[in-house]
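First up is the structure itself, then whatever we jot down about it.
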Amino acid sequence: MHNTCTDFIVIRSKFSNLSDRLNGQSPCFLQRANNVVSRRSLHVTCALDKSRTAAEQRWLARQMKDPYVREAQTHNYRCRSAFKLLEIDNKHHILQPGHHVIDCGAAPGAWSQVAVEKVNSLGRDSAASAGFVVGVDLLNIAPLDGAVFLSNSDITDFDTQKKIISVLPSGKADVILSDMAPNATGIRDLDHQRLVNMCLSLLELSERVLLSGGTFLCKVWDGSEINLVRDRLRQRFQDVRTVKPKASRMESAEVYLLAKLHRQQKR
Ligand SMILES: C[S@@+](CC[C@H](N)C(=O)[O-])C[C@H]1O[C@@H](n2cnc3c(N)ncnc32)[C@H](O)[C@@H]1O
Numbered sequence: 012m013h014n015t016c017t018d019f020i021v022i023r024s025k026f027s028n029l030s031d032r033l034n035g036q037s038p039c040f041l042q043r044a045n046n047v048v049s050r051r052s053l054h055v056t057c058a059l060d061k062s063r064t065a066a067e068q069r070w071l072a073r074q075m076k077d078p079y080v081r082e083a084q085t086h087n088y089r090c091r092s093a094f095k096l097l098e099i100d101n102k103h104h105i106l107q108p109g110h111h112v113i114d115c116g117a118a119p120g121a122w123s124q125v126a127v128e129k130v131n132s133l134g135r136d137s138a139a140s141a142g143f144v145v146g147v148d149l150l151n152i153a154p155l156d157g158a159v160f161l162s163n164s165d166i167t168d169f170d171t172q173k174k175i176i177s178v179l180p181s182g183k184a185d186v187i188l189s190d191m192a193p194n195a196t197g198i199r200d201l202d203h204q205r206l207v208n209m210c211l212s213l214l215e216l217s218e219r220v221l222l223s224g225g226t227f228l229c230k231v232w233d234g235s236e237i238n239l240v241r242d243r244l245r246q247r248f249q250d251v252r253t254v255k256p257k258a259s260r261m262e263s264a265e266v267y268l269l270a271k272l273h274r275q276q277k278r
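Numbering (the working numbering), first residue to last: 12 to 278.
What follows is the structure in structure tokens.
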């Protein structure tokens with residue numbers, strides 16, 4: 012089963028239906044939690060609560076041991092996935108001060124936090140250009156200084172895309188990021204196909220909003236159709252590569268397709 016976002020450091024103090032949620036649905040619901048408990052109190056709660064299934068115990072134990080979860084807490088990132096983008100950016104330099112960025116599937120907002128820092132959207136570095144970050148998600152995204160969020164919005168929806176274009180300062184973007192993932196059904200081929208379809212839909216969006224020379228980074232679950240996405244990217248970008256940051260768990264089928272140097276569309 013693909014767990015689309017098993018890395019939130021925000022957790023709900025009442026776990027009564029955690030089992031259902033983990034059984035096929037994206038644990039992204041956790042960001043809607045009303046009560047945040049510390050890892051220590053979680054540990055105590057879990058240790059005392061005999062009603063946890065073995066799968067839940069394993070998931071929680073993995074979270075507790077994960078160094079990226081701890082690092083995310085230390086650096087105030089909303090979830091550990093921040094380190095995937097940081098690692099990719101440190102190596103491939105995709106986010107520069109002044110860039111305009113679209114973050115697709117942005118909740119709870121860790122990638123947007125990284126983007127805000129890297130593109131200087133708060134203008135903290137007065138010597139550098141100030142960028143812009145817009146994040147979109149089906150879920151609610153808690154406000155973040157330096158980013159504009161379109162919550163409860165489906166990125167594949169035409170109206171959402173129109174809204175994105177209207178909020179972008181020039182109607183165009185330098186970078187499209189997507190860590191988006193559908194709720195996993197547990198059927199590997201089906202989940203793969205659904206994520207491939209999302210990537211292809213984003214590629215259409217990129218044709219409308221991405222500047223010449225721009226960058227496209229998307230998550231995809233490895234499978235039979237991954238070459239289709241790669242081929243489409245190669246038609247539109249000069250440099251396409253597959254990356255798997257260390258922060259992405261080895262056992263996860265996720266990889267990221269990084270496409271740089273968007274070609275100017277011939278009209
Ligand atoms: C793995 S989480 C993203 C985590 C995010 N990168 C971060 O660092 O905080 C994947 C997100 O994709 C969102 N998503 C899935 N399908 C979507 C769609 N069609 N439109 C917008 N967001 C979508 C989910 O709601 C989920 O919040």
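Glycine is no exception: its CB is placed at the ideal position from the N, C-alpha and C atoms.
Item	Value
Cut-off 6 Å between Cβ atoms - residues of its own chain near N14, not counting five sequence neighbours on either side	Note on N14: pLDDT 43, under 50, position unreliable in the model; no value is reported.
Closest Cα partner of R241 within the set Y79, A270, V159	A270
Beta-carbon contacts of S52 that lie in its chain and below 6 Å, excluding the five residues immediately before and after	With a pLDDT of 38 at S52, under the threshold of 50, the predicted position of this residue should be treated as unreliable, and no value is reported.
Under the three-state DSSP convention, the category E265 falls into	strand
Extent of the continuous alpha helix (DSSP H) to which K95 belongs	93-103
Supposed close pair C119, A158 - CB separation, criterion 8 Å	Before going on, a small fix: residue 119 reads as Pro here, not Cys. P119 to A158, Cβ: 12 Å. No contact.
Proximity to H273 [Cα-Cα], best of I187, R205, Y267	I187
Limits of the alpha helix (DSSP H) - the one that H203 falls within	199-220
Three-state class that DSSP yields for K129 in the structure shown	helix
L150 Cβ short of 7 Å to ligand 1 heavy atom set	yes
Cut-off 6 Å between Cβ atoms - residues of its own chain near P180, not counting five sequence neighbours on either side	F143
Inter-residue spacing [alpha-carbon to alpha-carbon] between A66 and A72	10 Å
First and last residue of the uninterrupted beta strand (DSSP E) at S189	184-189
Buried/exposed call for R252, threshold 16 Cβ in 10 Å	exposed
Pairwise C-alpha distance: R81 and F19	Any reading at F19 needs caution, since the residue's pLDDT is 47, under 50, leaving its predicted position unreliable; the model's value is listed next. Looking at the two C-alpha atoms, the distance is approximately 11 Å.
Near ligand 1: A65 beta-carbon under 7 Å from a heavy atom	no
Short Cβ contact (8 Å threshold) for A126 with S92	no
Cα-Cα separation between S235 and R135, rounded to whole angstroms	44 Å
For G146, the residue or residues it bridges with in DSSP	D114, F160
Span separating the alpha-carbon of V48 from that of P193	Because the pLDDT at V48 is just 34, under 50, the model does not fix this residue reliably, and the value given afterwards should be weighed accordingly. Distance between the alpha carbons of V48 and P193 is about 27 Å.
Beta-carbon proximity of G109 to S189, cut-off 8 Å	no
Whole-angstrom distance between C229 and L244, CA atom to CA atom	11 Å
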